[in-house]
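Just so you know, my numbering puts 15 at position 15 of the sequence shown, and the rest follows in order with no gaps. Where is the CB? At the ideal position from N, CA and C, for every residue including glycine. Each remark here refers to the structure printed beneath this line.
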Amino acid sequence: EQGLFRADLYYRLCVFEMEIAPLRRRVEDVEMISRHLLTRLSRAMNRSVPTLEAAALAALEQYRWPGNVRELANVLERALILNEGPTIKLSDFPGFLASNKASSEDDLKSARQAFERAHILRVVDKCAGDKRRAAELLGIDLSSLYRKLDEGSGA
């Protein structure tokens, strides 16, 4: 569109286009991806795979991840290097992430919003991305669906 990439080369390379939502819109995947990355990184460092403290996992799930999975991998690698124990704690994360704990995991409103957003995302996924159909299945207006998704994304 902006003329920065040769169109003929783009169409030669773009045989199959696959759109994957950014990590900030897939909060429910953060734990699974984190565990996978920790396993891979731990094996590369020849050490046992640590567990994630609940507060550390909550911070990972609340952060927006502008750098996507690559940024998550870097944060986890740093935590592995700094912590030799069996559990990665919130204090093992960089300051920007450790201070991101805007709401406690005991905060009922935050927990409800996180659950609601995860449920909405599952229904949207079930509807192959058709948000209008998802809103119908959920029994809410389309505008409410968008608002609830925006609330949970921190946008």
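Range of the contiguous alpha helix (DSSP H) that encloses residue i
i, result
"Lys-131", "131 to 138"
"Val-75", "68 to 82"
"Leu-23", "From DSSP, Leu-23 is part of no alpha helix (DSSP H); its letter is neither H nor E."
"Glu-61", "54 to 62"
DSSP-derived helix/strand/coil call for residue i
i, result
"Ile-120", "helix"
"Ile-33", "helix"
"Leu-4", "coil"
"Ile-88", "strand"
"Asp-141", "coil"
Below-9 Å beta-carbon distance, residue i vs any chain D residue
i, result
"Arg-122", "Any reference to chain D falls outside this structure, which holds one protein chain only."
Beta-carbon separation (whole angstroms), residue i vs residue j, contact threshold 8 Å
i, j, result
"Leu-149", "Ile-120", "6 Å"
"Gln-113", "Glu-151", "6 Å"
Under 9 Å between C-beta atoms of residue i and residue j
i, j, result
"Ile-88", "Leu-137", "no"
"Leu-97", "Asn-68", "no"
Meets three-Cβ-pair contact criterion under 8 Å: the region 26 to 38 and the region 65 to 78: yes
Cβ contact (3+ pairs, closer than 8 Å) linking the region 86 to 94 and the region 54 to 63: In short, these stretches touch, since the Cβ pair count reaches three.
Sufficient close CB pairs (3 or more, under 8 Å) joining the region 20 to 27 to the region 114 to 134: yes
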